[in-house]
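*Asks:* Numbering (this note's numbering), first residue to last: 188 to 352.
(1) As a quick exercise: from 281, 307, 248, pick the residue whose alpha carbon is nearest that of residue 299.
(2) Quick one: grab the DSSP three-state call for residue 271.
(3) Smallest Cα separation from residue 151: which of 326, 334, 208?
(4) For residue 212 versus residue 261, is the C-beta spacing smaller than 9 Å?
(5) What do you get for residue 270, buried or exposed, if any count of 16 or more other CB atoms within 10 angstroms of its CB means buried?
(6) CB-CB under 6 Å to residue 201, same chain, minus the five flanking residues each way: which ones, in chain order?
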């Protein structure tokens, strides 16, 4: 079968289902606050958030029970799709000891590749990796490498590219 994206109403043959394993929390850095600012309690203006240069971001932990339920639901979805004949591809798991991601002037704890559609587009036979809005998600597409590699074989005629960040 060739890689291609057609429409939203024909039979689903293959899909990538993300993973919630290792989802421990969110760093409330500048990018997180700007992206989610409308939904954050006590934050209603369009100016930059309270973070000053060099200030360590606040860490919001996700309760382990929520993570367990999330993982159970995502795994259940993958199993259901397989049971009706859909080929399900899965990203690599986020290592439990994954260190922080860092760049000039920022640092963030990585998140697992849960919402695959947020950082990738499939247009025709091409997988396009898009830059994320939140820094902690900037390496998620690396967790999708084996899915992209499987789609990019000569038999599948898929191509992969990265949009500039």
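Every residue gets a Cβ at the ideal spot worked out from N, C-alpha and C, and that includes glycine. Small disclaimer: the values here were computed from a predicted structure and weren't measured.
*Replies:* Concretely, from the data shown:
(1) When each option's Cα is compared against that of residue 299, the closest is 281.
(2) coil
(3) In the structure as shown, the chain begins at 188 and stops at 352. Residue 151 is therefore absent and cannot be evaluated.
(4) no
(5) Residue environment: residue 270 is assigned as exposed (fewer than 16 neighbouring CB atoms within 10 Å of its CB, all protein chains considered).
(6) 274
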